[in-house]
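Colleague:
In my numbering, the protein residues as written are 940 to 1264.
(1) Should residue 1154 go down as buried or exposed, given a rule of 16 or more other Cβ atoms within 10 Å for buried?
(2) Classify residue 1212 as helix, strand or coil using the three-state DSSP reduction.
(3) Alpha carbons only, please: which of 1118, 1168, 1235 and 1142 is nearest the one belonging to residue 1191?
(4) Can you check which of these residues, 1251, 1169, 1223 and 952, is closest to residue 1199 by C-alpha distance?
(5) DSSP on residue 987, reduced to helix/strand/coil?
(6) Distance, Cα to Cα, residue 1183 vs residue 1159?
(7) Quick check on the burial criterion: 16 or more other C-beta atoms within 10 angstroms. Buried or exposed for residue 1187?
(8) For residue 1163, collect the residues of the same chain with a Cβ closer than 6 angstroms to its Cβ; drop the 5 residues on either side in sequence, then sort them by chain order.
(9) Would you kindly work out how many angstroms separate the C-alpha atoms of residue 940 and residue 1210, rounded to a whole number?
(10) Mark residue 1056 as exposed unless 16 or more other C-beta atoms lie within 10 angstroms of its C-beta, in which case mark it buried.
(11) Can you look up residue 1232 in the DSSP assignment and give me helix, strand or coil?
(12) From which residue to which residue does the alpha helix (DSSP H) around residue 973 run?
(13) Strictly by DSSP, which residues pair up with residue 1105?
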């Protein structure tokens, strides 16, 4: 079938947008959860949910604008207007029908999770991140506990109570891809082993002596570039599991706070844009047959470079502003 340039641009926007958007919250993608856990385990410093969002927001916003402008520029649409789009969208929306009770219950559970996740960060803004109120809220609203509460609501909110029909049943829950949870655990375990065996410290020290990189800027740039390169040929989860445990002792050996380089590595791991194997979204859109491999590679190189610059500048600026460095 004929490949339209505009279709290529749209598919790449979907793939790249999914990767970029995943940076915005700690639960947005597996690398975020794994990398954040590794930072907490190695340094004892926790990055609050709300702080993470504030840190990532400028990078995500600028990257989204760059995606829209550059992808359309690299894949100029064949026409300035596509007739019938509004009618097609209207028909598809009508086919969905009104939102049912199950959909409303799901929105309630989602809203509860989001509010509880950002509450500790909001309290920190008011109290300055100190005091018994902040400590109590942070301890009680653990993100894992909040996720369990939100999931439990789906088992408790009824669709039809007279028939004992609830939003989700155990049969539905059994079909969840629980392997993804094991993937998180495997990534954190790999990082922990690198740290506990001393391998990460050995590699970090050797790199510090070999490269002579000792500044915050140099380490942040190095961490981002290495994470991006590894994520192009392996999964972003593997990239985080390897790079973050090495970056932390490397930064400590150089006398630099390791949090900012480690966060930059986490973000860089999600910026694999060149190949179908780089991220699941890339593989999905490539499987549609609408994206020629060379166009993905060409676009990916451009956004890898832009992404590296944005991550280094954004994480250093926002990290210092938020007191992470």
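We treat Cβ as the ideally placed atom computed from N, Cα and C, and that holds for glycine.
Modeller: So, from the listed chains and residues:
(1) It counts as exposed.
(2) Residue 1212 falls in the coil class under three-state DSSP.
(3) Comparing alpha carbon positions, the residue from 1118, 1168, 1235 and 1142 closest to residue 1191 is 1142.
(4) Per the Cα distances, 1251.
(5) Collapsing the DSSP output to three states places residue 987 in coil.
(6) Each residue's alpha carbon lies about 11 angstroms from the other.
(7) Label assigned to residue 1187: buried.
(8) For residue 1163, where only same-chain residues beyond five positions count, the Cβ hits under 6 angstroms are 1203, 1207, 1247, 1250 and 1251.
(9) Confidence at residue 940 is low in this model, with a pLDDT of 47, below 50, so its placement is unreliable and the value that follows should be read with caution. If I take the Cα positions, the gap works out to 30 angstroms.
(10) For residue 1056, the number of other beta carbons within 10 angstroms of its own is at least 16, and it is reported as buried.
(11) The answer is helix: DSSP assigns residue 1232 an H, G or I state.
(12) Its alpha helix (DSSP H) spans residues 969-982.
(13) In the DSSP assignment, the residues bridged to residue 1105 are 1097.
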